[in-house]
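Residue numbers (my numbering), protein chains in the order written: chain A, 15 to 249; chain B, 689 to 996.
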């Protein structure tokens with residue numbers, strides 16, 4: 015069968031992507047060491063608490079208790095790399111034009127719902143797409159916004175006097191801490207869905223985030239776009 | 689209405705009907721027959737990079753070569769990261785993390801403006817929470833308490849003050865949020881003297897040896913303040929700009945009554961400019977110094993600056 019190699023991810027994207035993985039892990043881990051010292055959040059319905067962050071077994075299994083100082087040290091060291099990595103990523107997307115494949119477009123939310131139905135095996139057909147489908151566009155743009163929100167809420171907790179206007183904007187010091195916590199939970203949810211989807215998409219897709227390339231059927235019409243043929247880039 | 693008119697009416701209706709049919713047909717056409725309509729890749733004009741067509745064997749060959757290279761580089765980087773951190777001596781790690789705190793402190797000081805104020809709240813919102821008893825143990829009699837002050841201009845030995853000396857300074861009241869480094873916060877109503885008023889009356893030494901001038905050349909003053917409990921069980925260090933902030937008080941009242949023992953009677957520091965660990969209770973001695981003072985929690989791995 016005739017095949018074509020498609021360049022899916024540039025070197026910069028691959029490095030930024032893989033660097034962000036340990037950085038986010040360390041930020042969440044050190045955040046948990048800090049959170050433990052005042053573990054007050056839970057999911058409540060009226061006054062009944064469905065789930066408390068976090069149960070004792072969770073802390074003990076991961077040996078989190080009494081490591082606040084260590085958590086603060088790690089958090090305020092790796093925050094720089096986490097932020098810088100994110101800023102470089104956004105700048106790179108802007109100037110490389112790769113934002114075109116990533117940003118949601120009109121109708122994305124509607125089609126993302128169809129993608130979700132397809133993933134749940136409720137409908138059969140995927141809507142037409144480019145490099146990413148519309149659910150991916152929303153998720154990958156969303157996670158960048160999540161990164162920005164984690165830095166902004168983090169700063170509001172870190173310097174609530176010098177950045178008082180920001181803390182105020184987020185609803186005050188206690189709200190900013192609550193928001194910072196839930197952003198972490200959303201990051202974890204993103205991570206879980208992302209890993210499951212990558213596992214389902216298979217080895218070839220995963221490998222493309224390491225090597226940059228993926229082999230596709232030359233006859234394949236997915237995704238169709240007229241300028242594919244014009245490009246005919248050599249690798 | 690004659691025959692001709694009727695005919696032309698009929699034709700008009702047919703033309704309209706045909707148009708409606710066309711529109712309906714276009715609507716019901718499936719997406720693949722209208723590739724451009726819904727293809728998101730066209731909306732933002734994304735580009736794809738494709739190689740020339742080749743055999744499957746060829747792609748396998750190229751991809752396995754690329755895989756080997758990429759996985760080796762990626763794997764090696766991951767191993768260097770993991771084992772580099774693992775095998776790094778604890779002292780090296782500690783010194784990196786401590787210098788990061790100091791680096792962050794310098795960044796904070798670049799952006800520090802003494803004119804920025806922490807928000808104040810209504811005194812009705814005030815509460816209390818006891819946390820931390822270091823330096824408060826042992827026999828202590830408030831009546832015998834005196835405040836010793838060192839590092840003053842034109843003076844070698846400590847100055848001894850009573851609570852009345854502090855109370856003679858202008859009385860200031862504020863209701864601010866006390867933030868604990870553990871992550872909780874509580875609104876507290878304080879009354880006391882501004883530390884800046886205290887320093888204006890009991891002038892610190894200067895670095896140059898010239899007469900101190902808080903208004904015009906604060907940078908010539910001792911750069912730090914050390915505060916210690918009478919039993920020396922708890923001690924904190926402050927940078928001069930933060931302790932001279934108008935919201936940093938030598939507090940003797942809390943929520944409308946004189947300080948209780950567990951909150952640091954008879955005199956403590958209260959300030960929304962730093963975490964609670966810096967707001968030392970039961971101050972025994974204050975010293976203006978040019979050396980960075982030792983600090984109880986900084987010695988236990990926390991940020992010396994701990995400033996907001």
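Note that beta-carbon positions come from the ideal geometry of N, C-alpha and C, so glycine has one too.
Practice prompt. Output yes if chain B places a C-beta closer than 9 Å to the C-beta of residue 69/A; else output no.
Written response: no
Discussion item. With H, G and I counted as helix, E and B as strand and the rest as coil, what does DSSP make of residue 66/A?
Written reply: strand
Item to complete: Along the alpha helix (DSSP H) that carries residue 92/A, what are the first and last residues, could you check?
Response: 82-110
Fill in: Straight-line gap, residue 54/A to residue 227/A (C-alpha atoms, nearest Å)
46 Å
Worksheet item: If you draw a straight line from the alpha carbon of residue 50/A to that of residue 199/A, how long is it in whole angstroms?
Response: 15 Å
Worksheet item: Would you say the region 822-834 of chain B touches the region 960-970 of chain B, given that touching needs at least three Cβ pairs under 8 Å?
Response: yes
Worksheet entry | CB contact check: residue 174/A to chain B, cutoff 9 Å | yes
Discussion item. If the criterion is Cβ atoms closer than 9 Å, does the pair residue 96/A and residue 34/A meet it?
Written reply: yes
Discussion item. Quick check on residue 754/B - is its C-beta less than 9 Å from some C-beta in chain A?
Written reply: yes
Worksheet item: What three-state label does DSSP hand residue 150/A in the structure shown?
Response: helix
Worksheet item: At least one CB of chain B closer than 9 Å to the CB of residue 164/A: is that the case?
Response: no
Worksheet item: Comparing alpha-carbon positions, which option in 115/A, 137/A, 106/A lies nearest residue 153/A?
Response: 115/A
Discussion item. Between which two residues does the beta strand (DSSP E) holding residue 21/A run?
Written reply: 16-21
Worksheet item: Thinking C-alpha only, which one of 868/B, 770/B, 859/B, 800/B is nearest residue 818/B?
Response: 868/B
Fill in: Coarse secondary structure for residue 52/A, derived from DSSP in three states
helix
Practice prompt. Quick one: list the residues of chain A neighbouring residue 663/B, beta-carbon separation under 7 Å, in chain order.
Written response: Because chain B is modelled from 689 through 996, residue 663/B falls outside the range shown and cannot be assessed.
Worksheet item: Can you give the Cα-Cα distance for residue 140/A and residue 66/A, rounded to whole angstroms?
Response: 38 Å
Fill in: Closer than 9 Å to chain A by CB, residue 989/B
yes
Worksheet entry | Within the region 150-234 of chain A, ranges of the beta strand (DSSP E) (whole runs, at least 3 residues) | 227-231
Worksheet item: Of all the options 109/A, 43/A, 111/A, which has the alpha carbon lying nearest to the alpha carbon of residue 86/A?
Response: 43/A
Worksheet item: Since residue 933/B contacts residue 961/B with CB under 8 Å, what's their CB separation in whole angstroms?
Response: 5 Å
Worksheet item: Is residue 864/B closer than 9 Å to residue 875/B when the C-beta atoms are compared?
Response: yes
Worksheet item: By the criterion of Cβ-Cβ separation under 7 Å, what are the contact partners of residue 86/A in chain B?
Response: 990, 991
Item to complete: State the beta-bridge partners of residue 865/B as determined by DSSP.
Response: 875/B
Practice prompt. Quick one: grab the DSSP three-state call for residue 923/B.
Written response: strand
Fill in: Opposing strand residues paired with residue 855/B [DSSP bridges]
Answer is none; residue 855/B lacks a bridge partner.
Practice prompt. State the CB to CB distance for the pair residue 788/B and residue 91/A, rounded to an integer number of angstroms; the pair is presumed to be in contact (CB under 8 Å).
Written response: 4 Å
Fill in: chain A within 9 Å of residue 960/B, Cβ atoms only
yes
Discussion item. Using CA atoms only, rank isn't needed, just tell me which of 180/A, 174/A, 163/A is closest to residue 196/A.
Written reply: 163/A
Discussion item. With the cut-off set at 9 Å, would you say residue 806/B and residue 943/B are in Cβ contact?
Written reply: no
Worksheet item: Over what stretch of residues does the beta strand (DSSP E) that includes residue 768/B continue unbroken?
Response: Unbroken run through residue 768/B is the alpha helix (DSSP H), 744-775; no beta strand (DSSP E).
Practice prompt. Please classify residue 15/A: is it buried, with 16 or more other beta-carbons within 10 angstroms of its beta-carbon, or exposed?
Written response: exposed
Worksheet entry | chain B contact residues for residue 49/A, given Cβ-Cβ distances below 9 Å | 871
Fill in: Neighbour-count burial assignment, residue 135/A, 16 or more Cβ in a 10 Å radius
exposed
Practice prompt. Quick one: which residues of the region 143-164 of chain A get their C-beta closer than 9 Å to a C-beta of chain B? List them in chain order.
Written response: 143, 144, 145, 146, 147, 148, 151
Worksheet item: Cβ-heavy atom distance between residue 184/A and the ligand SAH below 8 Å?
Response: Among the components modelled here there is no ligand, and therefore nothing to report on the ligand SAH.
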